[in-house]
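Enquirer: Residue numbers (my numbering): 67 to 366.
All C-beta atoms in this analysis are idealised placements derived from N, C-alpha and C, irrespective of residue type, glycine included.
My questions will all concern the structure given below.
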């Protein structure tokens, strides 16, 4: 069964506590960014879609389709901290969004900072499944079932949607191949955060038998998360940590390597961005990089 599993961060199986679905849709708030949802309709840019997770396929697995869904409780950043090996007590944790490196940019940089100087850092990339077609009719049918007035043509639309497994997986691995060369050259680490179902697909479709349980010395890390039912909702849980190196990513794709940037240049980019606003805390929502583009629905 293909349906909306989470809308604006709330499970659709239950009525939102202390709220109504009409109020939730009107507010359009993303609880993971603590701001208005960035998942906009291309045909109506002022309207947000709010679909975090869809159930899809014969097993009705909940599949995350918005990268911001991975920001729940900031857990992914906590799980990355042990990879910042030069961090010392007294250093501050800073979270910088969208750091430019050869081959593109990384979504987040988690940095250990002392007296506004970067002592160590890692790169973090978020990847959820891209959908094909449009989830809008499913969203509107759900809202109609809750007594909310929606356009008849929307809820009766037969436009399909699907999960673009192959393109999502290949694009992510190619991007990792471009970026890991820089991080390995700098003796730093790059982490790809993704859902367990997407990693399982990668293992099935690409050469992944050389991936090992995470080793601290490896530069390329995969952090796989599952969505587990808890207290009437879905909770993000770390499923596994795996690692490899540049040659390992090239082996996945059958590609060769290139591209480097000196450590001082990367550190200068981070230090130029750190401020009181980047100081990492559980109370402050992470900054929003150009993941907003990843979160925008592709409509057919």
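Does the stretch 245–259 touch the stretch 180–190, meaning 3 or more C-beta pairs lie closer than 8 Å?
Expert: yes
Enquirer: Does DSSP put residue 107 in a helix, in a strand, or in coil?
Expert: coil
Enquirer: Is the stretch 304–314 touching the stretch 116–123 in the sense that three or more CB pairs, one from each, lie closer than 8 Å?
Expert: no
Enquirer: Measuring straight from C-alpha to C-alpha, what distance separates residue 226 and residue 215?
Expert: 22 Å
Enquirer: Output the residue ranges of the alpha helix (DSSP H) runs that lie fully inside the stretch 199–263 and measure 4 residues or longer, sorted by chain position.
Expert: 202–211, 218–221 and 231–251
Enquirer: From the DSSP output, in three-state form, read off residue 128 for me.
Expert: strand
Enquirer: Beta-carbon within less than 7 Å of residue 246's beta-carbon, same chain only, minus the 5 sequence neighbours each way: which residues are those?
Expert: 256, 285, 286, 312 and 315, listed in sequence order.
Enquirer: For the ligand FAD, I want to know if residue 242 counts as a neighbour, meaning its beta carbon is within less than 7 Å of at least one of the ligand's heavy atoms.
Expert: Of ligands this structure carries none, so the ligand FAD is not represented either.
Enquirer: Just verifying my parser: in three-state terms, what is the DSSP assignment at residue 89?
Expert: In the three-state scheme derived from DSSP, where H, G and I count as helix and E and B as strand, residue 89 is classed as helix.
Enquirer: Would you identify the three-state DSSP class for residue 180, choosing helix, strand or coil?
Expert: strand
Enquirer: Take residue 182 as the anchor and find which of 347, 355, 354 and 339 has the nearest alpha-carbon.
Expert: 339
Enquirer: Would a C-beta distance cut-off of 8 Å place residue 155 and residue 300 closer than the cut-off?
Expert: Contact: no.
Enquirer: Out of curiosity, what's the CA-to-CA distance linking residue 298 and residue 148?
Expert: 31 Å
Enquirer: DSSP state of residue 267, grouped into three classes?
Expert: helix
Enquirer: Please list the terminal residues of the continuous beta strand (DSSP E) segment that includes residue 71.
Expert: 69–73
Enquirer: Does the beta-carbon of residue 103 have 16 or more other beta-carbons within 10 angstroms, so that it is buried, or is it exposed?
Expert: buried
Enquirer: How about residue 217 and residue 273: are their beta carbons less than 8 Å apart?
Expert: no
Enquirer: According to DSSP, simplified to helix, strand and coil, what is residue 145?
Expert: helix
Enquirer: Which residue marks the beginning of the alpha helix (DSSP H) containing residue 114, and which one marks its end?
Expert: Here residue 114 belongs to no alpha helix (DSSP H), and DSSP marks it neither H nor E.
Enquirer: If you compare alpha carbons, which of 212, 208, 303 and 230 is closest to residue 221?
Expert: 208
Enquirer: Whose C-alpha, out of 290, 267 and 337, is nearest the C-alpha of residue 178?
Expert: Relative to the Cα of residue 178, the nearest Cα in the group 290, 267 and 337 belongs to 337.
Enquirer: Reducing DSSP to helix, strand and coil, say where residue 343 ends up.
Expert: Three-state result, residue 343: coil.
Enquirer: Which one of 302, 173 and 342 has the shortest CA to CA distance from residue 25?
Expert: In the structure as shown, the chain starts at 67 and stops at 366, and residue 25 therefore has no counterpart that could be examined.
Enquirer: Going by alpha carbons, who is nearest to residue 281 out of 95, 98, 109 and 151?
Expert: 151
Enquirer: Where does residue 133 sit, in a helix, a strand or coil, going by DSSP?
Expert: Residue 133 falls in the helix class under three-state DSSP.
Enquirer: At which residues does the alpha helix (DSSP H) containing residue 316 begin and terminate?
Expert: Note, residue 316: alpha helix (DSSP H), 312–319.
Enquirer: Can you round the beta-carbon distance between residue 135 and residue 118 to whole angstroms, since I take them to be within the 8 Å contact cut?
Expert: 4 Å
Enquirer: What does residue 288 pair with, by DSSP beta-bridge criteria?
Expert: 258 and 308
Enquirer: Three-state secondary structure (DSSP) at residue 302?
Expert: strand
Enquirer: Quick one: Cα of residue 175 to Cα of residue 97, how far?
Expert: 21 Å
Enquirer: With residue 150 as the anchor, note down where its beta strand (DSSP E) starts and where it stops.
Expert: Element bounds for residue 150: n/a, residue is neither H nor E.
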